[in-house]
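To convert, note that position 99 of the sequence shown is 98 in numbering that gives the first Met the number 0; the numbers rise steadily by one, no gaps.
Note that CB positions come from ideal geometry on N, CA and C, so glycine has one too.
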Amino acid sequence: MAKVKRAYFCKNCGYEAPKWLGRCPACGEWNTFTEEILARDTGSVPAAVAGKLPAVRPQRVGEIRGEERRRTGLGIAEVDRVLGGGAVPGSLILLGGEPGIGKSTLSLQIALAANGLRTLYVSGEESAEQIRMRAARLGIGNEECLVYPETRLENILSQIEEQKPDLVVIDSIQTVSTDTVDSSAGSVSQIRECAAALLRYAKATDTTIVIIGHITKDGIIAGPKILEHIVDVVLQFEGDGNYTYRILRGIKNRFGATFEIGVFEMLDDGLHGVENPSEILLSHYDEPLSGISVGAAVDGVRPYLIEVQALVSGAAYGTPQRSATGHDVRRMNMLLAVLEKRLGMKMFQKDVFLNFAGGFRVSDPGLDLAVVAAVVSSYFDRPIAEGSCFAGEIGLSGEVRPAPRSEQRIAEAARLGFRRIVVSGYLAANVRRPKGIEVLTVQHIGQLPRLLFAEE
Numbered sequence: 000m001a002k003v004k005r006a007y008f009c010k011n012c013g014y015e016a017p018k019w020l021g022r023c024p025a026c027g028e029w030n031t032f033t034e035e036i037l038a039r040d041t042g043s044v045p046a047a048v049a050g051k052l053p054a055v056r057p058q059r060v061g062e063i064r065g066e067e068r069r070r071t072g073l074g075i076a077e078v079d080r081v082l083g084g085g086a087v088p089g090s091l092i093l094l095g096g097e098p099g100i101g102k103s104t105l106s107l108q109i110a111l112a113a114n115g116l117r118t119l120y121v122s123g124e125e126s127a128e129q130i131r132m133r134a135a136r137l138g139i140g141n142e143e144c145l146v147y148p149e150t151r152l153e154n155i156l157s158q159i160e161e162q163k164p165d166l167v168v169i170d171s172i173q174t175v176s177t178d179t180v181d182s183s184a185g186s187v188s189q190i191r192e193c194a195a196a197l198l199r200y201a202k203a204t205d206t207t208i209v210i211i212g213h214i215t216k217d218g219i220i221a222g223p224k225i226l227e228h229i230v231d232v233v234l235q236f237e238g239d240g241n242y243t244y245r246i247l248r249g250i251k252n253r254f255g256a257t258f259e260i261g262v263f264e265m266l267d268d269g270l271h272g273v274e275n276p277s278e279i280l281l282s283h284y285d286e287p288l289s290g291i292s293v294g295a296a297v298d299g300v301r302p303y304l305i306e307v308q309a310l311v312s313g314a315a316y317g318t319p320q321r322s323a324t325g326h327d328v329r330r331m332n333m334l335l336a337v338l339e340k341r342l343g344m345k346m347f348q349k350d351v352f353l354n355f356a357g358g359f360r361v362s363d364p365g366l367d368l369a370v371v372a373a374v375v376s377s378y379f380d381r382p383i384a385e386g387s388c389f390a391g392e393i394g395l396s397g398e399v400r401p402a403p404r405s406e407q408r409i410a411e412a413a414r415l416g417f418r419r420i421v422v423s424g425y426l427a428a429n430v431r432r433p434k435g436i437e438v439l440t441v442q443h444i445g446q447l448p449r450l451l452f453a454e455e
C-alpha cells in the first residue's frame with residue numbers, strides 16, 4: 000500500500016509547510032495551518048489540458064513576434080471599463096467578494112449579456128432549473144449561453160473542449176475538484192490545482208475564463224488570497240449589504256491599469272451600471288445643514304463627487320468616541336489631531352462621527368479637506384456656503400497638499416454645477432480651470448474657516 004503524503008497549508012495565504020506551525024512565516028497569521036493529503040500524482044495534468052499544451056522552445060526576446068491582442072467586450076460597460084476595454088482572449092479572470100454581495104448575479108449577467116460570444120456557464124452551486132429561474136428574472140440576451148451544472152474538473156474541461164466556447168464562467172472555484180488531488184473540494188490544494196489547470200487551458204486555447212472566488216468576512220477560507228498569484232486579472236466586488244450600490248474594483252490586471260472602478264446598483268432585475276456615480280452620492284436638502292460637505296474624489300481615472308457627513312458633540316462619558324463609516328478611522332484620528340494642534344479646536348472633549356453617503360468605502364487622501372470641512376462645520380454648527388466643493392490632502396503640519404488628478408476633480412465639480420471648489424494653494428499654475436466655477440486656494444488649514452462660511 001502506497002504511503003499517503005501529507006502537508007500543512009496556511010488557509011490565509013497558501014504557504015506550504017511539512018509540519019504544523021503556530022504562526023505562518025509568510026503572512027504572519029496565527030493558527031491558520033490545516034493538514035491536507037497531497038496529490039496522488041504530483042504535477043499531473045488532466046488529459047483534456049495535456050493534449051492542448053503546445054511544444055515551446057526558448058527564443059531570443061528580440062525575435063519574439065508580438066501583436067496587439069484584440070480585446071473582447073463582455074456586453075456590460077462597467078465590467079469592460081474595469082478590464083481596460085474588455086477581456087483579453089486567453090486570460091483567467093478572478094471575481095472575488097464576500098458571500099451575498101452579488102458575485103453570482105454579476106457572473107450570470109456576464110454570461111447572459113448580448114455580447115455575441117458563445118458562453119459556457121458552469122455552476123457547482125445551483126441546478127439548471129435554478130439557473131433558469133434567475134436567468135428569466137435577469138433577462139436573456141445571449142441565446143448562445145450554455146448551462147452546465149458540474150463540479151468535476153475533468154468533466155468541465157471535456158465539455159469546454161467539445162463545445163469550444165469563447166467565454167467560460169465558473170461559479171465557483173471552491174466547488175470544483177480534480178481526481179489528481181485526494182483532499183476535498185474547497186481545500187487549498189484543490190483550489191490551487193484546479194486554477195492552475197484552467198490557466199494552462201486558457202493560455203493554450205485562447206479561451207477567456209472567469210472564475211468566482213468566495214471569501215468569508217474573516218478572510219480565512221482559501222480563495223482569492225491563493226488565486227491572486229495564479230490568475231491574470233483580479234476583480235473585487237464590494238459594497239454594504241444595507242445599501243443597493245456595489246463597486247467592482249480592479250486589484251490586479253496584467254493587461255491594463257489597476258484600481259479602476261465600476262459602479263452598480265442592485266435592483267429587482269439584477270445589477271445595473273451607474274454611468275454617473277456623483278448623482279447617486281449627492282443629496283439635495285431644502286435648507287443648508289451643518290456638518291455636511293462635498294468632496295471631489297478619484298478612483299483610478301474616474302472622478303466623482305461624494306457627500307461627507309460629520310457630527311461633533313460633547314463627550315458625555317469622559318472618553319471621546321470616534322466612529323467612521325466608509326473611511327479609515329485612523330486617518331480620521333490623525334486629521335482631528337491636526338485640527339486640535341493647528342487650529343486650537345478642543346477635539347479631546349468631543350465625540351466625532353463620520354459617514355460617507357451611499358455606503359461607499361473611500362481611501363482617497365484627496366478627501367482630507369472635505370472631511371476637515373465637515374468636522375469644522377459641525378463643530379461650530381454652521382452650514383458650509385452653498386455650492387462649495389473640496390479637494391486636497393492634509394499633512395501633519397496642517398499644510399494642504401494638491402490632491403492627485405486635481406484637474407479632473409475640478410472638471411467634475413464644474414460639470415455638476417458647483418460654483419466654487421477649494422483646492423491646495425500649491426497646485427500648479429498650469430492646471431486648467433473650467434469656466435463657470437471659481438477655484439479658491441488654501442495653503443494651510445488655518446485659512447479654511449474663512450472660506451467655509453463666506454457669504455455668497
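Nearest CA to the CA of residue i: which residue from the options?
i	options	result
Lys349	Pro364, Phe379, Gly13	Phe379
Gln108	Glu278, Ala76, Gly83, Ser186	Ala76
Gln320	Leu335, Glu306, Val307	Leu335
Ile229	Val78, Gly317, Gly435, Leu91	Leu91
Tyr7	Glu143, Gly83, Ser186, Gly123	Ser186
Asn114	Ala373, Gly85, Thr204	Gly85
Pro148	Gln158, Gly435, Thr179	Gln158
Glu160	Ser183, Thr204, Glu286, Val370	Thr204
Arg80	Glu306, Ala427, Arg248, Phe389	Arg248
Leu447	Ala384, Ser103, Ile409, Gln189	Ala384
Val351	Asn332, Leu342, Lys340	Asn332
Gly240	Phe389, Pro98, Val311	Pro98
Ser106	Leu73, Lys340, Glu28, Asn11	Leu73
Gly313	Thr33, Lys345, Met265	Lys345
Ala427	Pro302, Pro403, Val371	Pro403
Glu153	Ser322, Arg131, Cys193	Cys193
Ser292	Phe389, Lys202, Ala315	Phe389
Tyr316	Ala323, Ile63, Val232, Phe347	Phe347
Gly89	Arg69, Glu411, Gly123, Arg131	Arg69
Ile250	Lys202, Leu82, Thr318	Leu82
Leu342	Ala323, Ala372, Glu28	Ala372
Cys26	Glu15, Asn11, Leu20, Lys18	Asn11
Glu339	Glu264, Thr243, Ser183, Leu395	Leu395
How about residue i and residue j: are their beta carbons less than 8 Å apart?
i	j	result
Lys224	Gly13	yes
Thr177	Leu145	no
Ala399	Leu353	Here residue 399 is Val; the residue named in the question, Ala, does not match the sequence. Contact: no.
Asp268	Leu137	yes
Ser423	Pro401	yes
Val337	Ile420	no
Leu234	Leu111	no
Ser376	Leu451	yes
Gly391	Gly445	no
Arg432	Val438	yes
Gly290	Ala309	yes
Pro287	Pro382	yes
Arg245	Gly238	yes
Glu35	Ser277	no
Val175	Ile155	yes
Val430	Leu366	no
Cys23	Thr31	yes
Asp231	Arg253	yes
Glu411	Leu304	yes
Gly123	Thr150	yes
Tell me residue i's beta-bridge partners as DSSP assigns them.
i	result
Leu304	Ala295
Arg5	Ile36
Arg22	Trp29
Lys349	Gly313
Leu145	Leu119
Thr324	Asn354
Val438	Ile420
Glu15	Phe8
Of all the beta strand (DSSP E) runs that stay within the bounds of the region 210-287, which reach a length of 3 or more residues?
-> Whole beta strand (DSSP E) segments, 3+ residues: 232-238, 244-252, 260-266, 269-272.
Three or more beta-carbon pairs under 8 Å between the region 206-216 and the region 157-173, yes or no?
-> With the cut-off at 8 Å, the region 206-216 and the region 157-173 touch.
Cβ pair count under 8 Å reaching 3, the region 355-363 against the region 412-426 = No, because fewer than three Cβ pairs between the region 355-363 and the region 412-426 fall closer than 8 Å, the two stretches do not touch.
Go through the region 69-127 residue by residue and report every complete run of the alpha helix (DSSP H) that reaches 4 residues or more, in order.
-> Runs of the alpha helix (DSSP H) spanning 4 or more residues and lying entirely within the region 69-127 occur at 76-82, 102-111, in chain order.
Which residue spans inside the region 150-207 form an unbroken beta strand (DSSP E) run of at least 3?
-> Listed in chain order, the complete beta strand (DSSP E) runs (minimum 3 residues) inside the region 150-207 are 166-170.
Please confirm if the region 119-131 is in contact with the region 153-168, defined as three or more CB-CB distances below 8 Å between the two stretches.
-> Of all C-beta pairs linking the region 119-131 to the region 153-168, three or more are shorter than 8 Å, placing the two stretches in contact.
Counting only runs that start and end within the region 388-423, where is the alpha helix (DSSP H) found for 4 or more residues in a row?
-> Unbroken alpha helix (DSSP H) stretches of 4 residues or longer found wholly inside the region 388-423: 405-414, given in chain order.
Could you tell me whether the region 249-266 touches the region 298-315, using the rule of 3 or more Cβ pairs below 8 Å?
-> Touching, per the Cβ criterion.
Kindly confirm or deny that the region 275-287 and the region 325-333 touch, where touching means at least three C-beta pairs closer than 8 Å.
-> The region 275-287 and the region 325-333 do not touch, with fewer than 3 CB-CB distances between them shorter than 8 Å.
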